[in-house]
Amino acid sequence: MGNLFLLFTLIVRMTPLISVAIPMYRIIGQMGIMDTKLALVLVYTSISIPFVIWMMIGFFDHLPKELDESARVDGRGMLGSFVRIVLPISLPGIATTSIFSLMLSWNDFLFALLLTGTSAKTVPVGISEFLTAYNLDLGPMTAAATLFSLPVMLFSFFMQKYIVRGMTMGAVKE
623 MGNLFLLFTL IVRMTPLISV AIPMYRIIGQ MGIMDTKLAL VLVYTSISIP FVIWMMIGFF
683 DHLPKELDES ARVDGRGMLG SFVRIVLPIS LPGIATTSIF SLMLSWNDFL FALLLTGTSA
743 KTVPVGISEF LTAYNLDLGP MTAAATLFSL PVMLFSFFMQ KYIVRGMTMG AVKE
């Protein structure tokens, strides 16, 4: 059953986003949340979930099962074992996955253009408005693109220690 679920999430992840754009547009329209931030959060979350599942499954598979078992023997339940033992060890994987997931949503243009008008317009859509049929404002467009990339660079900078710890976690055998 678990392998079937993983296969399903892989198929969902491999589906081109353009093929679900019109159904997403209709669903968001029927829900009455067109041109809202909630619509973008829902769409980007649903797009990111298969990616997050695949990244975290790969990370959780490499964690020693003995840690979880020893916490259970010491009297922790499944939730307590997960929160106190597994979750702190998996912070590098969570940090790496969050950076990639943020970048997938942050740089999206298709759904932001399709689902927003004026109220919830994202930066990529706003930057594209510097290009018109009669004019190309390269100076303001470049400045906006630079400011647009700063939050992701800062987030990656602060999460770097977790990424390095995650990459070197399995490097040394005892």
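In the numbering used here, the protein residues as written are 623 to 796. The beta carbon of each residue, even a glycine, is placed where N, CA and C say it ideally should be.
Exercise. Name the DSSP beta bridge partners of Leu758, please?
Worked result: Looking at the DSSP output, Leu758 sits in a beta bridge with Leu753.
Exercise. If we ignore side chains and look at the alpha-carbon of each, how far apart do Met763 and Ile749 end up?
Worked result: Cα to Cα, the separation comes out at about 6 Å.
Exercise. Helix, strand or coil for Asp657 per DSSP?
Worked result: Coil, per DSSP.
For this session: Find out if the Cβ-Cβ distance for the pair Asp657, Ala766 is shorter than 7 Å.
Result: Not in contact: Asp657 and Ala766 (Cβ atoms no closer than 7 Å).
For this session: Whole angstroms is fine: what's the gap from Phe780's alpha carbon to Ser720's?
Result: Here the alpha carbon of Phe780 sits roughly 12 Å from the alpha carbon of Ser720.
Exercise. Where do the ends of the alpha helix (DSSP H) carrying Ser703 lie?
Worked result: Bounds of the alpha helix (DSSP H) holding Ser703 are Met700 to Ser703.
Exercise. For the 8 Å Cβ check, are there 3 or more pairs between the segment 666 to 682 and the segment 720 to 733?
Worked result: Yes, since at least three Cβ pairs between the segment 666 to 682 and the segment 720 to 733 fall closer than 8 Å, the two stretches touch.
Problem set entry | Exposure label - Leu874; buried when at least 16 CB within 10 Å | Since the displayed the chain opens at 623 and closes at 796, residue 874 lies outside it and no answer follows.
For this session: Rounded to whole angstroms, what's the CA-CA distance from Val674 to Tyr756? Just pull it up for me.
Result: If I take the Cα positions, the gap works out to 42 Å.
Problem set entry | Residues near Ile640 by beta carbon distance below 8 Å, same chain, minus five either side | Cβ neighbours of Ile640 beyond the five flanking positions: Leu732.
Exercise. Mind checking whether Val747 and Leu735 have CB atoms under 7 Å apart?
Worked result: In this structure, the beta-carbon distance from Val747 to Leu735 falls below 7 Å.
Exercise. Going by beta carbon distance, what residues of the same chain come within less than 8 Å of Thr768, once the five residues before and after it are set aside?
Worked result: Its chain contains no residue whose beta carbon lies nearer than 8 Å to that of Thr768 once the 5 sequence neighbours on both sides are disregarded.
Problem set entry | Buried/exposed call for Gly702, threshold 16 Cβ in 10 Å | The residue is exposed, with fewer than 16 neighbouring Cβ atoms inside 10 Å.
Exercise. In chain order, what residues of the same chain lie with their CB nearer than 7 Å to the CB of Asp690, ignoring the 5 residues before and after it?
Worked result: Cβ within range, chain order: Ser703, Ile707 and Val708.
Exercise. Cβ of Pro714 within 6 Å of any heavy atom in the ligand MN?
Worked result: Of the ligands one can find in the structure shown there are none, so the ligand MN has no counterpart to examine.
For this session: Take Thr718 as the anchor and find which of Gly680, Leu629, Phe770 and Arg694 has the nearest alpha-carbon.
Result: Comparing Cα-Cα distances from Thr718 to each of Gly680, Leu629, Phe770 and Arg694, the minimum goes to Gly680.
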